[in-house]
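Below is one structure, written out as structure tokens; the observations come after it.
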Amino acid sequence: MLALLVPIVSLAGSPSAEEQAFVTALNRARLDPAAWAVANGLGELVGGDGALTTLADLPPRPPLALSTLLVNSARGHAEEMAYVDYFGHESAVDGRWPNDLVRDAGYPLPTEIPGDGFVWRLDPGANSVESIAAGYPDPITALNALLVDEGVNPPMHRIHLLGSDDFFSTHRELGVGFARDDASTYRNYWAIHSALETADDRFLTGVVFEDLDGDGAYDAGEGLGGVQVAVGDATIETESAGGWALRVGDGTHAIACSGGDFVGSATGSVTVAGASREVDCVSGFSALIVDFVADDLPIAGPVTPTASACDAAGASPGWLLLLRPLVLRRRRGC
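Here it is as structure tokens:
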């Protein structure tokens with residue numbers, strides 16, 4: 409059964425190559441945290457909780473769908489931190505907090521999310537959506553620093569990004585912002601915004617790319633913009649760095665990637681059953697890569713790049729201030 413599709417409106421906020429690489433890497437880590445830890449050597453590092461960062465006890469989570477609205481809010485904050493030269497969740501310019509930034513960017517962040525007999529409140533002047541990092545020159549190093557969360561106990565960046573508690577497991581969409589200013593304290597600044605409209609949302613999301621280095625994985629600079637992704641009767645074009653997303657319902661969806669600079673076409677079908685799915689297309693490869701698995705294309709685990717001493721000096725994953733939403737207890741059934 410083919411389900412109704414509601415295309416996401418593509419606005420200003422198309423991810424850069426670095427931002428898209430962070431999105432794709434995070435979704436890979438979410439789908440198999442333990443495998444990500446092994447591929448990136450995180451199990452040898454002590455995390456903020458005092459244990460080795462094997463991530464072996466964390467459940468897999470569905471991918472977060474690319475949202476250009478959240479890219480706008482995250483990039484705006486990253487650029488402000490870089491150009492004004494500060495590091496924090498609260499804006500040093502106008503005092504806004506991440507919940508405000510997301511809403512002001514046009515994202516319909518709810519004020520309350522129902523839990524089991526209570527609600528989570530996502531108040532103005534608070535942070536229920538953001539992790540930040542500074543000093544890290546590339547997306548993989550930044551992501552891994554946030555997952556290790558050295559010095560942060562409990563490791564709230566890890567919990568946020570991997571959706572490993574009840575609240576963050578409700579998040580469905582993602583935007584990443586990256587900015588660099590050589591005159592600022594940390595040079596490189598990252599903001600990651602995840603959110604949801606409703607917990608019932610599910611998406612098909614992924615990236616279309618040319619595998620220039622032959623490692624079977626998306627790397628910054630390999631994305632193909634302007635490629636058509638057809639899902640049933642709906643067709644959209646990939647963003648400039650290759651990312652795409654469609655809100656869908658449960659059912660089996662026929663998918664095809666073609667056009668633009670994509671060589672040939674990639675086709676297949678994907679079943680959605682209560683959760684989002686990652687669907688990637690590689691130029692010149694005829695099959696879809698679903699949840700980072702393909703029958704004939706080797707999909708290698710990424711290797712953590714080594715940051716230069718200059719860029720890494722003073723690098724900080726940042727404190728996740730007031731990330732947890734306020735909880736309002738209610739009687740069951742009320």
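Every number in the working numbering is 408 more than the matching position in the sequence shown, counting from 1. Just so you know, even glycine gets a beta-carbon here, dropped at the ideal spot from N, CA and C. Quick caveat, the model's predicted, so the values are computed rather than measured.
Query	Result
Reduced DSSP secondary structure (H/G/I, E/B, other) of L460	strand
Cβ contact (3+ pairs, closer than 8 Å) linking the region 587-602 and the region 612-621	no
DSSP bridge partner residues for L474 (one or two, in chain order)	L582
Cβ contact check for the region 599-610 and the region 468-486: 3 or more pairs under 8 Å	yes
Distance cut-off 7 Å: I600 Cβ against heavy atoms of the ligand NAD	Here there are no bound small molecules, and the ligand NAD is not part of this structure.
Closest residue to V584 among W598, D502 and E630 (Cα-Cα distance)	W598
Start and end residues, alpha helix (DSSP H) containing V501	Here V501 belongs to no alpha helix (DSSP H), and DSSP marks it neither H nor E.
Whole beta strand (DSSP E) elements within the region 576-624, 3-residue minimum	581-588, 596-603 and 610-617
Cβ-based burial, E488 [other Cβ within 10 Å; buried from 16]	buried
Residue span of the alpha helix (DSSP H) that contains V431, given as start and end	A425 to L439
Start-to-end residues for the alpha helix (DSSP H) that takes in R469	Looking at the DSSP string, R469 is not in any alpha helix (DSSP H), and its letter there is neither H nor E.
Distance between beta carbons of S539 and L569, contact taken as under 8 Å	6 Å
A385 classed as buried or exposed, judged by whether at least 16 other C-beta atoms fall within 10 angstroms	With the chain running from 409 to 742 in the structure shown, residue 385 is simply not present.
For G571, the three-state DSSP class (helix, strand or coil)	coil
For F576 and N561, the rounded distance between their alpha carbons	17 Å
Under 8 Å between C-beta atoms of A649 and G668	no
Whether G455 touches V556 by CB criterion (8 Å)	yes
Inter-stretch contact at 8 Å, needing at least 3 Cβ pairs: the region 421-428 / the region 515-535	no
E645 versus G614 - alpha carbon distance	12 Å
Local conformation of T534 per DSSP, three classes	Inspection of the sequence shows that residue 534 is occupied by Ala rather than by Thr. DSSP places A534 in coil when its eight states are reduced to three.
Of the listed residues S572, D641 and V510, nearest to D440 (C-alpha basis)	S572
Of the residues E426, T519 and F693, the one placed nearest V479, counting alpha carbons only	E426
When A464, N596, L453 and R504 are compared against G559, the one with the closest alpha-carbon	L453
Beta-ladder partner(s) of G449, from DSSP	According to DSSP, G449 bridges with nothing at all.
The region 653-670 in contact with the region 635-645 per 3-pair CB rule at 8 Å	yes
C-beta contact flag for L509 and F430 at 8 Å	no
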